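Here is the structure we will look at.
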Amino acid sequence: MTSRSQARLGRVIALHLFLTPLALIWLFPLWMMVVFSTMPDNGIFSPGIELLPHDNFLDNVANLQRDTNFIGAIGISVSVAVTYTVLSVLLTSMAGWALARYEFHGKGAVVAIIFGTITLPYAVVLIPQFIMVARDFALANTWIALIVPPLFNSLGVLFMRQAFSMMPAELFDAARVEGVKEWRIFLFVALPLARPMLAALAIILFLASWNNYLWPLLINSQPGAMTAPVALGTLIGLTKVSWGGIMAGAVMLTVPMLIVFVLLQRHFIAGIAAGAVK
Amino acid sequence: MRTQNATAYRFLTPYLLIFAIFWIWPIISSFIISFQATRTVPWRFAPTFNWGRLIGDPAFYNALKNTLLILVIQVPVMIALAIVMAVLLNSPLLKARGLYRFAFFAPVVVGEVAYSAVFRLMFSLDFGIVNKLLESVGISKIDWFSNVTPAMALIMIAVTWRWAGYNAIIILAGLQSIPEDVYEAATLDRVSRVKQFFYITLPLLKPVIVFCAVLSIIGTMQLFTEPFLITERGGPGGGTETLGLLLYRQGFRSLNFGYASAVAYTMAGLAIAITLVQLWLMREPK
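Keeping their order, the protein sequence lines are chains Z and V.
Under our numbering, the final residue of the first sequence carries the number 279; numbering is consecutive throughout.
Under our numbering, the final residue of the second sequence carries the number 331; numbering is consecutive throughout.
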């Protein structure tokens with residue numbers, strides 16, 4: 002009995018001896034992001050090893066704001082991400098509801114096209130989307146350009162279709178017998194029941210919009226129309242730029258998401274894992 | 046049935062419109078554009094104009110080679126690491142599980158621009174914390190940005206840091222769906238834990254691992270932001286230029302839409318091939 006519990010103790014120690022250094026290495030870039038964001042530039046570019054935060058964060062924010070209008074860009078990013086999330090959740094849950102709960106002509110074709118094209122790389126649609134939005138619709142550097150084209154994402158459709166098809170049909174049939182209209186059943190019966198899935202989907206979509214880089218870089222390249230990641234990206238590689246400021250910007254982009262992640266970890270993980278478990 | 050048709054399409058149409066305009070039509074359109082000469086007005090049909098150029102373009106082969114090199118090295122290393130993370134995070138012996146989960150999963154929420162900036166600063170030649178730490182343990186500093194091999198290594202390190210935890214989340218969900226009694230039976234039969242991992246866990250995880258591999262391959266194949274921001278537009282001298290960067294340069298710097306579309310469809314062709322391999326790997330054993 003003692004030898005077995007000793008063996009168990011040995012395994013516990015070995016596990017933590019391996020995992021702790023790996024976890025510290027994994028946290029290191031995030032920790033250094035915070036440390037750099039609190040250091041003056043002459044501290045970042047000095048020969049010593051600095052691993053603890055200083056007190057220069059607000060000066061760095063001011064430096065960043067001098068280099069680019071980052072606060073304004075944050076405002077655009079927040080508004081776009083919120084609008085995108087609401088619209089995408091609404092559109093994809095409506096479509097998911099139709100695919101899960103009705104029989105109709107063309108259903109098989111719609112599902113086949115969505116599944117059949119889901120592994121195509123996004124790069125394929127980039128050029129026609131750009132030509133269409135910038136040239137044909139003349140919508141470059143507008144909010145519509147940032148919000149509407151990414152709504153094509155079919156992740157939510159598949160996710161909500163799955164969620165709605167797992168609900169027992171009696172729930173909805175009872176309402177139908179009483180003559181409740183279909184859109185009311187969707188809004189007031191189905192959506193409330195799907196709240197955990199809607200939360201997971203909303204978080205994933207918000208994060209995707211908040212961090213989106215390539216499309217906003219292409220379509221909204223004018224200074225006053227840039228999102229926060231694009232504005233920050235324009236500074237990377239410039240010679241006369243405050244790196245403390247860039248790091249302060251990186252912190253402002255990252256730390257709110259980390260807090261949301263800690264608070265809503267369950268939904269986050271459900272959203273990511275849902276892609277795999279079918 | 047007629048009423049259900051009408052109701053169904055009322056729910057479906059708003060999404061389908063967006064899906065058709067911004068996904069289906071561009072897929073078709075970029076295929077057509079890849080067969081057009083787009084630097085003359087009006088664009089004209091020229092079937093071999095872009096594809097002919099692509100076949101003889103050293104810049105294309107360089108980008109293709111770099112992309113495949115990253116794929117072949119980075120994706121297996123990352124998937125193996127993600128499996129290790131997931132298995133160890135799932136261990137009943139682990140204390141302070143929440144802290145470890147946070148450490149590995151946190152990069153999932155970090156944006157490409159923010160982490161590219163941090164990696165660029167951490168790895169800089171004279172003042173980067175990584176070189177300082179290497180020197181403090183007696184290893185000479187590495188010029189991560191001026192030589193091709195370290196620059197490629199840096200890109201792979203960065204991508205692995207960002208995505209290993211993401212894959213670990215998916216694999217962990219797969220692990221947790223394996224019924225406990227499989228392991229109990231194996232333990233009763235005195236099958237060692239290492240053997241249990243290789244003969245029970247891995248085979249049962251195969252679908253999830255293949256899924257992660259395909260997702261990662263398709264993601265890495267489009268790699269853009271890291272070589273764009275960390276190694277400064279695919280530097281040194283095109284040493285980290287990827288297909289994603291080539292598409293960006295051709296499409297949006299040179300406004301050569303036809304050629305960029307041919308590059309995009311090369312990526313699509315690779316993605317389709319990989320998806321077919323996945324379907325073949327996942328086929329029901331008869």
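Even for Gly, the Cβ is constructed at its ideal location relative to N, Cα and C.
As the structure is a computational prediction, the values presented were derived from the model and not from experiment.
Asked: Bounding residues of the alpha helix (DSSP H) (the contiguous stretch that carries residue 15/Z); Found: 3-38
Asked: Spatially closest choice to residue 314/V from 109/V, 92/V and 300/V, by CA coordinates; Found: 109/V
Asked: Sequence-distant residues of the same chain with beta carbon closer than 7 angstroms to residue 245/Z, five excluded per side; Found: 37, 38, 40, 41, 42, 45, 57, 61 and 64
Asked: 8 angstroms Cβ cutoff met for residue 85/Z and residue 210/Z; Found: yes
Asked: Test: residue 84/Z CB closer than 8 angstroms to a CB of chain V; Found: no
Asked: is_contact[residue 277/V, chain Z] using C-beta, thresh 8 angstroms; Found: yes
Asked: is_contact[residue 234/Z, chain V] using C-beta, thresh 8 angstroms; Found: yes
Asked: Where residue 235/V falls: helix, strand or coil (DSSP); Found: coil
Asked: Buried versus exposed call for residue 232/V [16 or more other C-beta atoms within 10 Å across all chains shown]; Found: exposed
Asked: Contacting residues, own chain, Cβ-Cβ under 7 angstroms from residue 296/V (five flanking each side not counted); Found: 302 and 305
Asked: Simplified DSSP assignment, three categories, for residue 139/Z; Found: coil
Asked: Any chain V beta carbon closer than 8 angstroms to residue 268/Z; Found: no
Asked: First through last residue of the alpha helix (DSSP H) which encompasses residue 293/V; Found: 288-293
Asked: Contact under 8 angstroms by Cβ, residue 208/V with residue 312/V; Found: no
Asked: Terminal residues of the alpha helix (DSSP H) in which residue 239/Z lies; Found: Segment: none, residue 239/Z is in no alpha helix (DSSP H) and carries neither H nor E.
Asked: Inter-residue Cα distance where the pair is residue 140/Z and residue 132/Z; Found: 10 angstroms
Asked: Nearest-angstrom beta carbon gap, residue 236/Z and residue 69/Z [assumed within contact, 8 angstroms]; Found: 6 angstroms
Asked: Proximity test, Cβ basis, 8 angstroms: residue 100/V and chain Z; Found: no
Asked: In DSSP terms, what residue 89/V is bridged to; Found: 82/V
Asked: Endpoints, alpha helix (DSSP H) assigned at residue 248/V; Found: 247-266
Asked: Nearest-angstrom Cα separation, counted from residue 32/Z out to residue 156/Z; Found: 32 angstroms
Asked: Contact list for the region 146-160 of chain V against chain Z, Cβ threshold 8 angstroms; Found: 146, 147, 148, 149, 150, 151, 152, 153, 154, 155, 156, 157, 158, 159 and 160
Asked: Assigned exposure category for residue 221/V - 16 Cβ within 10 Å defines buried; Found: exposed
Asked: Cutoff 8 angstroms: residue 113/Z Cβ touching any chain V Cβ; Found: no
Asked: Listed by chain order, chain V residues near residue 247/Z by CB distance under 7 angstroms; Found: 162
Asked: Contact set for residue 92/V: own chain, Cβ-Cβ below 8 angstroms, skip 5 residues either direction; Found: 80
Asked: Within chain Z, partners of residue 313/V - CB distance below 9 angstroms; Found: 121, 122, 124 and 125
Asked: Stretch-stretch touch, CB-based, cutoff 8 angstroms, three pairs: the region 107-122 of chain Z with the region 175-182 of chain Z; Found: no
Asked: Residue interval of the alpha helix (DSSP H) (run including residue 224/Z); Found: Looking at the DSSP string, residue 224/Z is not in any alpha helix (DSSP H), and its letter there is neither H nor E.
Asked: Separation of residue 89/V from residue 83/V, as counted between CA atoms; Found: 7 angstroms
Asked: Where residue 244/V falls, given that 16 or more other Cβ within 10 Å makes a residue buried; Found: exposed
Asked: Buried versus exposed, by CB contacts within 10 Å (16 or more), residue 146/V; Found: buried
Asked: Minimum Cβ-Cβ distance from residue 130/Z to chain V less than 8 angstroms; Found: yes
Asked: DSSP state of residue 189/V mapped onto helix, strand, coil; Found: coil
Asked: Nearest-angstrom Cβ-Cβ length linking residue 186/Z and residue 272/Z, presumed shorter than 8 angstroms; Found: At roughly 25 angstroms, the Cβ-Cβ gap does not stay under 8 angstroms, so residue 186/Z and residue 272/Z are not in contact.
Asked: Under 8 angstroms by beta carbon: chain Z residues contacting residue 259/V; Found: 120
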